[in-house]
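In case it helps, our numbering puts the sequence shown at residues 1 to 236.
Right, one structure below, let's go through it.
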Amino acid sequence: MSAFAMAMLVAGCNKQRPAPPTPPAPAPPPARPTVTLQANPTSLDKGGSSTLSWSSTNATQLTISPEVGAVAPEGSTKVTPSDSTTYTITASGPGGSADASVRVTVAAPPPPPQPVATPTWQELFDKEVRDAYFDTDKADLRSDAREALTKTAEFLRNYPQAKVTIEGHCDERGSTEYNLTLGDRRAAAVKQFLVSQGIGADRLNTVSFGKEKPFCTESNESCWQQNRRGHFVPAR
């Protein structure tokens, strides 16, 4: 074999083989799902409704609990919870699962109003009937006494079956006999005024206690003024 042929043979033996092809990169893992959930409004009165709205990505199955169940990847629905409720949406897909929650608060109904107590006739009498006050040693009606008795007459007109006793009272000064007479005059003056206001005389009894039943027992003008009056009590 010639030298040339030998050189060619050696060269052929030393030639490198081509590198094998690079294998393809592995596929990325499936993306993890995302999900959001909102409620509008989040606070409501009992019997009211709220709208749940949601959206998601990379999810193939979605459910909302409680009560709603399976839902589309995006949407809204109306709920009417009877009590405060936390709603949770769970999104599942090849990449795993995700969830989101929102709470809808249901306000407790206000307590029922307390029944209004109907006042008794005695309570109305004590509130509406006004006594007439007098000056010292006097039995004529002052302007404030006339105003008070006008209110009393209005009450008695509203209750035509009611009968009253008018008590004549005096302060402690003067004799027992004098004050009994003065008290009688005061009771009579009150009765006369009420009759003039349309109240039947047969509904009005009179009695004098003079100074025997004082409303105040201090010896001063303020106290004496409280005792100089025509006072009303329901007739028994």
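Positions of the beta carbon are idealized from the N, C-alpha and C atoms, including for glycine.
Taking 9 Å as the cut-off, the Cβ atoms of His169 and Lys211 count as close. A Cβ-Cβ distance of about 7 Å is found for the pair Ser43 and Ala107, placing them in contact under the 8 Å criterion. The closest CA to that of Pro66, considering only Asp171, Leu52 and Pro73, is found on Leu52. Counting every other CB atom within 10 Å of its CB across the protein chains shown gives Arg229 a total of 16 or more, marking it as buried. The three-state secondary structure of Tyr178, taken from DSSP, is helix. The three-state reading of DSSP puts Leu141 in coil, since its state is none of H, G, I, E or B.
With a minimum length of 4 residues, there is no unbroken run of alpha helix (DSSP H) contained wholly in the segment 4-80.
By the Cβ-count criterion, Lys213 is exposed, with fewer than 16 other Cβ atoms from all chains shown falling within 10 Å of its own Cβ. Counting C-beta atoms within 10 angstroms of its own C-beta, Val104 has 16 or more neighbours from the protein chains shown and is therefore classed as buried. Rounded to whole angstroms, Thr165 and His231 show a C-alpha spacing of 8 Å. Annotated as distal: Asp137 and Gln225, with beta-carbon spacing of 9 Å or more.
Between Glu177 and Val207 the beta-carbon gap is near 16 Å, outside 8 Å, which marks them as no contact. Inter-residue distance for Gly75 and Ser49 is about 17 Å (C-alpha atoms, whole angstroms). The beta carbon of Arg185 lies closer than 6 Å to those of Ala139 in the same chain, with the five residues before and after it left out. Counting along the chain, Ser82 sits inside no beta strand (DSSP E), nor does DSSP assign it H or E at all.
When only Cα atoms are considered, Ser175 and Leu149 end up about 28 Å apart.
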